[in-house]
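A.B. asks: Under UniProt numbering, the first residue of the sequence shown carries the number 1, and numbering increases by one thereafter.
Just so you know, even glycine gets a beta-carbon here, dropped at the ideal spot from N, CA and C.
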Amino acid sequence: MIKRREFRVPSSDGKSGLHTVLWEPDGEVRQLLLISHGMTEHILRYDSFARFLAEQGIAVIGHDHLGHGGTVQNGRYGYFADKGGHVCVIRDLHRTASRIRVMYPGRPLYMLGHSMGSFFLRRYLTLYGEELAGAIIMGTGDQAMPIVIAGKLIAASIGLIRGKEYQSKWMHQLVLGNYNRSFMPSRTDNDWLSKNCESVDQYCSDPFCNFKFTASAYCDFFNIMLDLKLHRQEDRIPRSLPLFILSGAQDPVGEFGRGVRRVFRRYKKIGMTDTEMILYPDDRHELLNETDKEAVWHDILSWITYHEL
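#1: From which residue to which residue does the beta strand (DSSP E) around Gly113 run?
#2: Can you tell me whether Cys197 is buried or exposed, with buried defined as 16 or more other CB within 10 angstroms of its CB?
#3: Take Arg30 and list the residues in its own chain whose beta-carbon comes closer than 6 Å to its own, dropping the five residues that flank it on each side.
#4: Checking 8 Å against the spacing of the C-beta atoms, do Ile192 and His285 come in under that value?
#5: Return the CA-CA distance between Met184 and Pro238, expressed in angstroms with no decimal places.
#6: Kindly list the residues whose CB is nearer than 6 Å to the CB of Asp13, restricted to its own chain and excluding five residues on each side of it in sequence; keep chain order.
#7: Please state whether DSSP places Val21 in a helix, a strand or coil.
#8: Using three-state DSSP, classify Ile137 as helix, strand or coil.
#9: If Ile90 and Val60 are in contact, beta carbons under 8 Å, what's the gap, nearest whole angstrom?
#10: Would you tell me roughly how many angstroms separate the C-alpha atoms of Thr291 and Gln250, rounded to the nearest one?
#11: Looking at the unbroken alpha helix (DSSP H) that takes in Phe7, where does it start and where does it end?
#12: With a cut-off of 8 Å on the beta carbons, I'd call Ile304 and Tyr110 a contact; round off their distance for me.
#13: Classify Gln173 as buried or exposed, calling it buried when 16 or more other Cβ atoms lie within 10 Å of its own Cβ.
#14: Find the nearest neighbour of Phe211 within the set Gly69, Asp220, Arg51, judged by alpha-carbon distance.
#15: By the DSSP assignment, the beta strand (DSSP E) with Phe244 in it spans what residues?
#16: Answer with buried or exposed for Ile161, where buried requires no fewer than 16 other C-beta atoms within 10 angstroms of its C-beta.
#17: Roughly how many whole angstroms lie between the Cα atoms of Tyr218 and Gly151?
#18: Please name the residue or residues paired with His63 in a DSSP beta bridge.
#19: In whole angstroms, what separates the C-alpha of Asp282 from that of Gly248?
#20: What residue range is occupied by the uninterrupted alpha helix (DSSP H) comprising Leu153?
#21: Is it true that the CB of Phe221 sits closer than 8 Å to the CB of Ile245?
#22: Distance check for Ala215 and Gly159, CA to CA, integer angstroms please.
#23: What residue does the beta strand (DSSP E) around Glu276 start on, and which one ends it?
#24: Taking DSSP as the reference, what is the three-state secondary structure of Ser98?
#25: Between the Cα of Trp23 and the Cα atoms of Leu230, Glu55, His298, which residue gives the shortest distance?
#26: Are the beta-carbon atoms belonging to Arg51 and Ile2 less than 8 Å from one another?
#27: To the nearest angstrom, how far is it from the Cα of Lys83 to the Cα of His94?
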């Protein structure tokens, strides 16, 4: 019987409590997995996947990022922090990682980042990579430097004019709105997420998913993307750290595989010795919710199990 516990971990912003969920195996815990979720979603969307892993002896933990899900305070959806929100998100992930290490000392800890969470994970590796047994980078991308700089400048300008907490429909359309174009005629605004209609409908009807990012949070996210483009502290990533890069070949975030391949090649170029990539031919952005999700789940389980040996 899988036990699911929910509790609070103090955020590095000094005032929030991170809504945290832990899925515990009934028997022996062999490995640990920390999940960093994506933009405008929440950690309980990973319940089925986490239960699957917990049944195999993997304790899974994750929290709602600042401005998401049960962590939101005073209705500030899509807002990280008044200052240095991107730093807070990274530090929060480290706090949750530290919490599960204390609970299960000596167990290898892996980390999975999806979409926005994958970008934060990639930056996390430059700061705390030596503490992980491996990293699963899922639904990621590699935007061109001019696009990243332009995005940051636009978000900053909107923040100056309309305020940091302003949720711009135009900015939302600029960053996410174009993803659906490749799937026209579309059934919903979120068809790009998955070809699994049931999963897309669940996302559309989820009250914790239907909000827009603030100008401030977009700025923070573009800061992370800029750090990655500038290869900041990349030399600190342990070259022997196992990396598993997963994406749908029809995922517009990864430019239908092109951006994902660039990320893979970059890690190989800097000397990472254990890097694997899978592009699932007909899948879109949310691999864990796709029509072939069980195959993806088993691939992740097999990869973790292999690297435990």
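C.D. replies: Answer, in terms of the structure:
#1: 109–114
#2: exposed
#3: Gly57
#4: Note on identity: in this sequence residue 192 is Trp, with Ile being the wrong assignment. Yes; because the gap between Cβ atoms is below 8 Å, this pair is in contact.
#5: 43 Å
#6: Ala81, Cys88
#7: strand
#8: strand
#9: The pair is not a contact, with the Cβ atoms about 20 Å apart (cut-off 8 Å).
#10: 13 Å
#11: First-last for Phe7: 3–10, but that is the beta strand (DSSP E), not the alpha helix (DSSP H).
#12: 6 Å
#13: exposed
#14: Gly69
#15: 243–248
#16: exposed
#17: 8 Å
#18: Thr20
#19: 7 Å
#20: 145–162
#21: no
#22: 5 Å
#23: 275–280
#24: helix
#25: Glu55
#26: yes
#27: 18 Å
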